[in-house]
Amino acid sequence: MGGSKRIAYGTVSGGLRSGYGGGYGLGGGAGFGYGMGAGGAGYGMGGGAGGFLVGGPGFVRGGPGFPVCPPGGIQEVTINQHLLQPLNLEIDPEIQRVRSQEREQIKTLNNKFASFIDKVRFLEQQNKVLETKWDLLQQQGTQVQRLNLEPLFEGYINNLRRQLDSLVNERGRLDMELRNMQDMVEDFKNKYEEEINRRTGAENEFVVLKKDV
């Protein structure tokens, strides 16, 4: 093999190392080393102040492995219970209401905009229809237009004249009724004044007769 490759596993102050193409490991505390070269592989374990392992030629087969306990035993693992609790993500109801109103306003504006677009398209179509009609009328010629429009205007003018005659007759009738009503009012006014004068004269005569008695 060309270069060397090392993989390390550590628990507390121990380590596991492997190498290809020859290698060595040195570590303090309890440790386990493995080395493999082009000519063979070797296993080794060191403890105490340090351990030293050199992989050499040949092939060495070790027995079944076993876990190595670090000095001081297995450390107790503590877990913060607060980190396991679900986050309380509360949203302000006022913010929800404002966002809901904004969404409704946006929907309303979108509907109005769509309606406006439809109206614009409808007006554009109507404009095109009117332009087409106008072009057709212009193509027919002035004489043809005059012949076609003259009876319409004559009928309209005759209708207005009949309405005017009817209004004139109605006005004459109303004027006559007005004069009759004015005459009646004047007659009633004169009769009322005569009655007032008669009453005044009768009251005066009554006062004179009362004094004489």
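Heads up: the sequence shown at position 32 corresponds to 32 in full-length UniProt numbering, and the numbers run straight through without jumps. The C-beta atom is built at its ideal place from N, Cα and C for all residues, glycine as well. Bear in mind that the values here come from a model prediction, so they are computed numbers and not experimental data.
The alpha-carbon separation between I106 and L167 amounts to approximately 58 Å.
Taken atom to atom, the span from the alpha-carbon of Q126 to that of L152 is near 25 Å.
According to the DSSP assignment, N127 belongs to the alpha helix (DSSP H) that extends over P93 to Q140.
DSSP, reduced to helix, strand and coil, places T78 outside both helices and strands of the structure shown, so it counts as coil.
Between the alpha carbons of Y156 and Q163 lies a gap of roughly 11 Å.
The alpha-carbon of L84 is positioned some 15 Å away from that of V77. Here the alpha carbons of E193 and K210 stand approximately 26 Å from one another. Assigned with DSSP and collapsed to three states, V208 falls in helix.
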